[in-house]
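So for the sequence shown, the working numbering puts the first residue at 11; every next one is plus one.
All C-beta atoms in this analysis are idealised placements derived from N, C-alpha and C, irrespective of residue type, glycine included.
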Amino acid sequence: MNKITDNFCATYSSGVAPSVLPRLLAMTVRSALGLSIALSAGCAVVPLYQAPQAPKLERYVQPEKAGIESNTPQTISLGASLPTQWWTAFQLPQLNGLVRKGLLGNQSLASARDRLMAAHSRIAVAQAGLKPQVDFSAGAQRARLGATAFGPDAKDFPIFSAYSAGPSVSYDLDIFGGTRHRIDDAKAKAQYQAAETSAVSLTVSGNIVIQTITAASIKSQMDVVGKIISSDERNLDLVKAARQAGGVSDVDVLSAQSQLDHDRTLLPALHEQFDESRDEIAALVGESAGNWQPPDIKLEDFALPAALPIAVPSQLVHKRPDIVAAEANLHSASAAVGIATANLYPHVTLNAQLGEQGLLSHGPSELAWTLLGGISAPLFHGGALRAEQGATQHEYQASFADYQQTVIVAFRQVADAMHALSNDADALSTQKRALVSASSSLNLTLQGYRAGNAGYIQVLDAQRLEQQAELGVVQAQAQRLVDSAKLMLAAGGGFDEADLHVAARSSADRRS
Numbered sequence: 011m012n013k014i015t016d017n018f019c020a021t022y023s024s025g026v027a028p029s030v031l032p033r034l035l036a037m038t039v040r041s042a043l044g045l046s047i048a049l050s051a052g053c054a055v056v057p058l059y060q061a062p063q064a065p066k067l068e069r070y071v072q073p074e075k076a077g078i079e080s081n082t083p084q085t086i087s088l089g090a091s092l093p094t095q096w097w098t099a100f101q102l103p104q105l106n107g108l109v110r111k112g113l114l115g116n117q118s119l120a121s122a123r124d125r126l127m128a129a130h131s132r133i134a135v136a137q138a139g140l141k142p143q144v145d146f147s148a149g150a151q152r153a154r155l156g157a158t159a160f161g162p163d164a165k166d167f168p169i170f171s172a173y174s175a176g177p178s179v180s181y182d183l184d185i186f187g188g189t190r191h192r193i194d195d196a197k198a199k200a201q202y203q204a205a206e207t208s209a210v211s212l213t214v215s216g217n218i219v220i221q222t223i224t225a226a227s228i229k230s231q232m233d234v235v236g237k238i239i240s241s242d243e244r245n246l247d248l249v250k251a252a253r254q255a256g257g258v259s260d261v262d263v264l265s266a267q268s269q270l271d272h273d274r275t276l277l278p279a280l281h282e283q284f285d286e287s288r289d290e291i292a293a294l295v296g297e298s299a300g301n302w303q304p305p306d307i308k309l310e311d312f313a314l315p316a317a318l319p320i321a322v323p324s325q326l327v328h329k330r331p332d333i334v335a336a337e338a339n340l341h342s343a344s345a346a347v348g349i350a351t352a353n354l355y356p357h358v359t360l361n362a363q364l365g366e367q368g369l370l371s372h373g374p375s376e377l378a379w380t381l382l383g384g385i386s387a388p389l390f391h392g393g394a395l396r397a398e399q400g401a402t403q404h405e406y407q408a409s410f411a412d413y414q415q416t417v418i419v420a421f422r423q424v425a426d427a428m429h430a431l432s433n434d435a436d437a438l439s440t441q442k443r444a445l446v447s448a449s450s451s452l453n454l455t456l457q458g459y460r461a462g463n464a465g466y467i468q469v470l471d472a473q474r475l476e477q478q479a480e481l482g483v484v485q486a487q488a489q490r491l492v493d494s495a496k497l498m499l500a501a502g503g504g505f506d507e508a509d510l511h512v513a514a515r516s517s518a519d520r521r522s
């Protein structure tokens, strides 16, 4: 092979090949243009994808105000945009740190990011189909040609050794747009993966926020239940003392014991929920619960977001990653129709080869070139190509229905969250009024006890009612915080489709 490469390099360095190659490429281009014009005349190419129109809606529910007149009202600002770091609305630095840790350490999110990079790389793979493909090949053979080449004189032709080496160029004219639709499909799949990555990021941040609120709520509930159990224990001691004095019956003792046992059963379930929430937070931030635990955060540390900026329905389709992903699937399905349609038409390629050929044993080498235009047109495939085109059209219609349903579900989720916040505000106000009433009742009972008009058991009962009302307030406060987070998640959590296009351009710049 050394002789092959030496001769080839000598031929190129002598200036012979460079003088031929431009003419060969020029002939290739002229042939490509002429053949493209001839074949594409009168042939319709499937148009590229058109995005569906945004729904012409301006509101989700009536009224748009989430909340009632209360000490901590909430309002929704329709037409405004959430910040990208939507969780900062709770004004809790420890929560901000947890979310940042989750966005850096969550393994599902890391996997989604790698898939996104792979999808962007596949765009470059598809785009390469519009460019000439240049290869280099070299080979050597020892042969004796037979009668099929030389007829009756074949026996006089000697055995010989020959070689060939040189570049080859192939170019797909893509007259009917198959390659362009493959590029469109690759871009749509990259858009889908980008939206999926944003959806995973939103899910991670949302679950961290909700689980942190849940853990804080359960901790507060455990504290209140502990107070209730302490009251039950004191009540049981008093009832037992009264029984020994003959003031009450065994039924009263059993009733007090039963109440204590019942309230004690509340703690194990709360402990289990508390541990599960903290373990879930550890998993979300990419840690093992055995090696890491989240910080202790109290429910009162959270600030209730007073104003919640939410995009109008016509803009929400660009603000939720699941809707953008559904549209990207629709885009990909549209490209598949174009690919299947292009397969019904002729496939035209041009090939050029330039190289040196010669004998290994002796004799001069020669520069050889070929220019070949090829066309492959489907004639009969048993109806497979038409069936494939029909299948892609039905898949496009299915993807369009999926997109519409995704939009409808998104609107419903926003409406549900708005209704929930309105009900939460009402429930919290009711629970606070119940707590005020229970506290007033306890104060009156204590006054009666000091005046000798009420027994201590009555004081304990009033105290227990106040603690139960306090438990209701804790649960209502936590639910309002959770539903505030759910509304921001339903509104897309600060996601914007425009950010995906900026990221895609940045990725393309890095590859180039």
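Which of helix, strand or coil DSSP assigns to residue i
i, result
"G384", "strand"
"L34", "Model confidence at L34 stands at a pLDDT of 48, short of 50, so the residue's coordinates are unreliable and nothing is read from them."
"Q457", "helix"
"T94", "coil"
"E376", "strand"
"L326", "helix"
"V71", "coil"
"L370", "coil"
"Q63", "coil"
"G107", "helix"
"L155", "coil"
"L58", "coil"
"G188", "helix"
"A429", "Looking at the sequence provided, one finds His at residue 429 rather than Ala. Helix."
"F390", "coil"
Proximity below 7 Å, CB of residue i to CB of residue j
i, j, result
"G89", "V322", "yes"
"I218", "V109", "yes"
"I333", "V327", "yes"
"L491", "F312", "yes"
"I238", "Q477", "yes"
"A129", "Q203", "yes"
"V484", "T402", "no"
"E337", "Y413", "yes"
"P342", "K199", "Sequence check: residue 342 is Ser here, not Pro. Closer than 7 Å, so yes."
"Q423", "G482", "no"
"Q117", "G296", "yes"
"P331", "A205", "yes"
"L381", "E366", "no"
"L525", "M498", "No statement about residue 525 is possible, as the shown extent of the chain runs from 11 to 522 and does not include it."
"L309", "S230", "yes"
"A445", "E480", "Per the sequence shown, residue 445 should be read as Leu rather than Ala. Yes, the pair counts as a contact, with Cβ atoms nearer than the cut-off."
"R154", "A196", "no"
"Q487", "S241", "no"
"S386", "H357", "yes"
"L364", "Y173", "no"
C-beta neighbour in chain C for residue i, strict 7 Å
i, result
"L114", "In summary, chain C is missing from the structure at hand, where a single protein chain is found."
Bridge partners - residue i, DSSP secondary structure assignment
i, result
"T359", "D182 and G384"
"G149", "S174"
"Q101", "None; Q101 has no bridge partner."
"E310", "Its beta-bridge partners do not exist; DSSP assigns none."
"Q143", "S180"
"L364", "W379"
Where the beta strand (DSSP E) containing residue i begins and where it ends
i, result
"A317", "A317 to I320"
"I86", "T85 to L88"
Delimiting residues of the alpha helix (DSSP H) encompassing residue i
i, result
"D163", "No alpha helix (DSSP H) holds D163; DSSP gives it neither H nor E."
"N339", "P331 to A352"
"H130", "Q117 to Q137"
**Message:** Runs of 4 residues minimum, wholly inside the segment 241–308: which ones carry the alpha helix (DSSP H) assignment?
**Reply:** For the segment 241–308, whole alpha helix (DSSP H) runs of length 4 or above, ordered along the chain, are 260–274 and 276–294.
**Message:** Please give the ranges of any alpha helix (DSSP H) in the segment 452–508, keeping only runs that are unbroken, at least 4 residues long and fully inside the region.
**Reply:** At a cut-off of 4 residues, the continuous stretches assigned as alpha helix (DSSP H) that sit fully inside the segment 452–508 are 466–500.
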